[in-house]
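What follows is a single structure, written as structure tokens, with notes after it.
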Amino acid sequence: MFQDTRVDPNLIVVAFRGTHPFDPKAWRVDVDLSWYEIEGVGQTHSGFMKALGLQKRKGWPELGSNQNKYAYYEIRQRLRKLLQKNKNAKFILTGHSLGGALAILFLTVLAIHEEEWLMDKLEGVYTFGQPRVGDNQLKEYMEKKLEQYDVRYFRFVYCNDIVPRVPYDDDNVFFTHFGTCYYYNSSYKGKGNQCFRPPQKLRRH
Numbered sequence: 001m002f003q004d005t006r007v008d009p010n011l012i013v014v015a016f017r018g019t020h021p022f023d024p025k026a027w028r029v030d031v032d033l034s035w036y037e038i039e040g041v042g043q044t045h046s047g048f049m050k051a052l053g054l055q056k057r058k059g060w061p062e063l064g065s066n067q068n069k070y071a072y073y074e075i076r077q078r079l080r081k082l083l084q085k086n087k088n089a090k091f092i093l094t095g096h097s098l099g100g101a102l103a104i105l106f107l108t109v110l111a112i113h114e115e116e117w118l119m120d121k122l123e124g125v126y127t128f129g130q131p132r133v134g135d136n137q138l139k140e141y142m143e144k145k146l147e148q149y150d151v152r153y154f155r156f157v158y159c160n161d162i163v164p165r166v167p168y169d170d171d172n173v174f175f176t177h178f179g180t181c182y183y184y185n186s187s188y189k190g191k192g193n194q195c196f197r198p199p200q201k202l203r204r205h
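Residue numbers (UniProt numbering): 1 to 205.
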């Protein structure tokens, strides 16, 4: 987590790290194809949600319920403090590969927990090489939330990257993408629907 200036920042960036090539634990998270169903929201990738703090069969733990520090609560607490200290600041979420999945799911959990103040402060979500994170019901739920809070969500995809193609979107797995896709060929030129324009510079308030 960092900000654009040391004093009185306009923008705070929450960046989630991608999968390290030599980290077997992170790779196990990536290849975990199990799903977790959230009532009224949809099915999400179980491994990615566990990386944020979801407890198997128990849902989200209560804040302060024990001594464990769960990623979602730690990030949310630190982000809230920074934004309370800098009243005019906005924030963005970003990440590569696994980090991209965690970025959009962090927003998903904020929406589930009805963190309206934080949602209003969110400028956008920008992911790079992000895998799929949930089913069509989750897609519809998040599209409504993105529109409700006027949050921009862009996925940047390189044509030879396998990660955005997993988990697969066949009839047995259910996973699907959402958000605006910027798709780049091997010459890094935009291609496909919603993918013609190069990424624009972030707008600051």
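All residues carry an ideal CB built from backbone N, CA and C; glycine is no exception.
Keep in mind the model is a prediction, meaning the values are calculated, not measured.
Distance CB(residue 54)-CB(residue 73) smaller than 8 Å:
No, these two residues do not count as a Cβ contact at 8 Å.
Mind reading off the beta-carbon distance from residue 186 to residue 160? Whole number of angstroms is fine, and I expect it under 8 Å.
Contact flag correct, Cβ pair sits at about 7 Å.
Per DSSP, cross-strand counterpart(s) of residue 12
Paired residue(s): 3, 91.
Residues near residue 42 in its chain [Cβ-Cβ closer than 7 Å; skip 5 each side]:
The answer, listed in chain order, is 134, 135, 137, 138, 141.
Whose C-alpha, out of 143, 81, 121, 48, is nearest the C-alpha of residue 103?
Closest by alpha carbon: 48.
Whole beta strand (DSSP E) elements within the segment 63-148, 3-residue minimum:
Inside the segment 63-148, DSSP marks whole beta strand (DSSP E) runs of 3 or more residues at positions 90-96, 122-128, from first to last along the chain.
Cβ separation of residue 167 and residue 178, assumed to be a contact under 8 Å, to the nearest whole Å:
So it is not a contact: roughly 14 Å between Cβ atoms.
With DSSP as the reference, identify every bridge partner of residue 157, one or two as the case may be.
183, per the DSSP bridge assignment.
Output needed for residue 224: all residues of its chain with C-beta closer than 8 Å, excluding positions within five of it in sequence on either side, in chain order.
The chain is shown from 1 up to 205; residue 224 falls before or after that span and cannot be answered.
Straight-line CA distance for residue 113 to residue 16?
Their backbone Cα atoms lie some 20 Å apart in a straight line.
In or out: residue 97 buried (at least 16 other Cβ within 10 Å) or exposed?
Label assigned to residue 97: buried.
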